[in-house]
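Presented below is the structure to which this report refers.
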Amino acid sequence: MISALAITGPTASGKTRLSLDVARSFGCEIISCDSMQIYRGMDIGTAKATASERALVPHHLIDIVDPNEAYSAENYREDALRAARDITSRGRIPLFVGGTGLYLDTVARGTSPLSPPSDPELSARLLREASDSAGRQELYRRLAAVDPQSASKTHPNNVRRVIRALEIYELTGRTKTYFDELSREGEPDIDVTTVCLDFHNRETLYKRIDARVDMMIEDGLVAEVSRLSECGLLTEDSTAGGAIGYKELFGYLRGECTLESARESIKLASRRYAKRQLTWFRNKTGAATLFLDREDGAMRDYFDILAEAREMLGCKT
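Here it is as structure tokens:
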């Protein structure tokens, strides 16, 4: 079994800097665990490690598909396990870094069969059926009829998840719930020791998120979204186009809102996402929690944080 490490946590919590220092001290190579950093050209809004940062430590699963290409959690699991085996074969340690809890979960679970790959034609047909409110309601009703457990865990407005669950059923005659249960059987291929970054004072995290969004706008996020949209790589109905920081700017580019309004929408969506991330990691991964601030909300000394992270992850050097 492969042994690996993971540093997770909400957006803007400082995973990149900490992971670079842990990786260099522990002989790791980094495997991105971020569902949007896989896309080429989506650099500013996904807060990818810079070229100079990636030069310090080898990184994997960044910039591997275009934004208009389909890519699932199952694809990620296959690619991540391949990368982890390659890293281990060279005597180094895989270090998963990112905030997509579902991706980490797919890697850590067992080897039983997973749901089938997406069928582009079927997916496109279902997406056309969901083009209006009545169509979306009908798709959700169909899902509830064939797979009530999946429906109960999926919001009716989460069109992509509804479509994926229906797609699985139409392709196989089996429900998404069936494949989810199979995936939890058997021994996992990889043993992951996980640390989740967190804050005693949620407002401390929210201020960091706001500052990051402001920096992204200043660094050219609007131009990035415009460029990808104009060349047809980024569309509003795609998975990539639904990324926080991108979907909010489509309206601005069409002249439907001000940049300030779009900026505030990105901040709000990012805060809500951070809250969901923390809930996931607490409930799903069994990760050890590493607080970055003291109980009074003041940030801890970074080198104290690094020392604690290394201890929690088992780094003794």
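Numbering (this note's numbering), first residue to last: -8 to 308. Where is the CB? At the ideal position from N, CA and C, for every residue including glycine. The model shown is predicted, which means the values in this text are computed figures rather than measured ones.
- Within 10 angstroms of the beta-carbon of residue 24 lie 16 or more other beta-carbons, which makes it buried.
- A residue is called buried once 16 or more other Cβ atoms fall within 10 Å of its Cβ, and residue 198, having fewer, is exposed.
- Proximity to residue 27 across 6, 201, 130, 38 peaks at 38, based on C-alpha coordinates.
- For the set 87, 137, 136, 62, the Cα lying nearest the Cα of residue 111 is the one of 62.
- Collapsing the DSSP output to three states places residue -6 in a strand.
- Nearest to residue 161 by alpha-carbon distance, out of 125, 52, 267, 130, is 130.
- Contact check for residue 83 and residue 48: beta-carbon distance about 10 angstroms, past the 8 angstroms limit, so the pair fails to qualify.
- Restricting attention to 214, -8, -6, 4, the CA atom closest to the CA of residue 262 is found in 4.
- Each residue's CA atom was taken as its position, placing residue 87 and residue 21 some 6 angstroms apart.
- With a contact defined as Cβ atoms closer than 8 angstroms, residue 230 and residue 89 miss out at about 16 angstroms.
- Counting C-beta pairs with one atom in each stretch, the stretch 132 to 147 and the stretch 180 to 190 have fewer than three that are closer than 8 angstroms, which means they do not touch.
- Judged by DSSP secondary structure, residue 265 falls outside any beta strand (DSSP E) and instead within the alpha helix (DSSP H) spanning 250 to 271.
- Nearest C-alpha to residue 18 among 58, 81, 7, 53: 81.
- Between residue 85 and residue 29, the gap from beta carbon to beta carbon reaches 8 angstroms or more.
- Boundaries of the alpha helix (DSSP H) harbouring residue 14: 6 to 17, taken from the DSSP string.
- Boundaries of the alpha helix (DSSP H) harbouring residue 111: 111 to 120, taken from the DSSP string.
- A straight-line Cα-Cα distance of about 12 angstroms links residue 205 and residue 213.
- Around the beta carbon of residue 293, fewer than 16 other beta carbons lie within 10 angstroms, which makes this residue exposed.
- Around residue 195, the same chain offers 284, 288 as residues with beta carbons nearer than 6 angstroms, after the five sequence neighbours per side are excluded.
- Its chain contains 27 as the residues whose beta carbon lies nearer than 6 angstroms to that of residue 234, once the 5 sequence neighbours on both sides are disregarded; these appear in chain order.
- Straight-line measurement puts the Cα of residue 57 at about 24 angstroms from the Cα of residue 121.
- By the 16-neighbour rule on beta-carbons within 10 angstroms, residue 218 is exposed.
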